[in-house]
Structure formats: C-alpha cells, structure tokens
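Residue numbers (the numbering used here), protein chains in the order written: chain B, 779 to 887; chain C, 82 to 159.
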Amino acid sequence: MSDAIETIRRTVAENDVVLFMKGTADQPQCGFSNQVVRILDHVGVDYVDVNVLADDDIRQGVKDFTNWPTIPQLYVKGEFIGGCDIVREMFQTGELKALFADKGVAVSA
Amino acid sequence: MPMSVQSLENLLREAFPDADIRIDDLAGDGDHYRAVVRSDAFKGKSRVAQHQLVYAALKGRMGGELHALALDTGPKTA
C-alpha cells in the first residue's frame, strides 16, 4: 500500500493535471468519471489519466491519500481539487478555468 | 447493499443537527442518491472540506454500501 501512495504522490507531483478515474479518458467506465473527462476536454487542458480499475492498490491508495472515498479525483499541481460534483460546480461557475489560470496551467478553450 | 433514504437522512441528521436536508433517490434503486445539505457546519469551509464532513458522517458507507451520492453542500445563509 505504501508503494501505491508513493506512486500517487509522484504522479501528482510530476504532472500538472492528473485525473484518477474508472476507465481511461478514451473509454471511461463510469458516468462520473466520464463527466469530468468531458469537462477537462471542453476546457482544453492537457491531463494525465490514471485508470484505477487497472490497479486495486492505486484504487484504494488514492482514497486513503486524500481521505476521499470516491473516484474520480482531480489534482492540479499536486493539490486535490475534488470529485465529480465539485469539478462540475467549479466548471459551471467559471472557477475551474480561473484555477487553471491561477496555477499557470495552459488551456486551449 | 442498498441503503434507505431514511437511514441516509438519519446519519446526516445526527452529524448536522441544524441542517436543512433534502435527499433525492435518483434511480429509484436505493443506490444512487443526491443530497442537498445546508448547515452552518459548512460555513467558511472549502467544498472539499464540506464533502469530507459529509463522508465522515456516513462512517465509511460511502463507496461501499452506498455507491453514488451526488452532493450539494453549503452554509444555511449564503
């Protein structure tokens, strides 16, 4: 388990935007994960997708990492931003784009 | 295992005695809920912290017994 936590810590440290999700960005396997993928694609930000279904240790590890019991989970510059509801709410209010701008993450939309 | 609206509401009520709570059973299967919770316990807290309080109130059921719970949280007075 500590290996999984270390992997998660490294992944979110080395990549600006990371989405832990069920399935992949190309083939989401859960409606909530799919919603976040669509929002990130709409905003036009580059991100790394991590399929938690491919690794049970990561799946549990990411829940322990942030004390957050559900997937998807979005990280920007190492900071946990939230799950599906929070990302959607932030997208609707424009806060998500502002967050990317604040953090210096390039968006194309 | 599905969870009843009543037991979900009881857990939330216990954790947030002052709250206005509304629970919708989205799919009618006792497994996909949406909860709107307005409590002063959320005042001044980030969304992540607010949702973590709700998950704590559910005592580990979220992600297990309870598959899907959409959350809309906030303080009572905007």
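C-beta atoms are modelled at their ideal positions from N, C-alpha and C, and glycine is treated no differently.
Problem set entry | Limits of the beta strand (DSSP E) - the one that residue 113/C falls within | 113-119
Exercise. Can you tell me whether residue 108/C is buried or exposed, with buried defined as 16 or more other CB within 10 angstroms of its CB?
Worked result: exposed
Problem set entry | Among 839/B, 845/B, 837/B, 840/B, nearest to residue 141/C - alpha-carbon criterion | 845/B
For this session: Mind listing the chain C neighbours of residue 843/B? Cutoff is C-beta to C-beta under 9 Å, in chain order.
Result: Within chain C, no residue comes near residue 843/B; the closest Cβ sits about 13 Å away, beyond 9 Å.
Exercise. Do residue 872/B and residue 128/C come within 8 Å of each other at the CB atom, strictly closer than that value?
Worked result: no
Exercise. Is there at least one Cβ from chain B nearer than 8 Å to residue 100/C's Cβ?
Worked result: no
Exercise. When DSSP builds the beta bridges, which residues end up paired with residue 854/B?
Worked result: 795/B, 857/B
Exercise. So what does residue 831/B bridge to, in DSSP terms?
Worked result: Answer is none; residue 831/B lacks a bridge partner.
Problem set entry | Bridge partners - residue 143/C, DSSP secondary structure assignment | 147/C
Exercise. How many angstroms separate the CA atom of residue 817/B from the CA atom of residue 106/C?
Worked result: 25 Å
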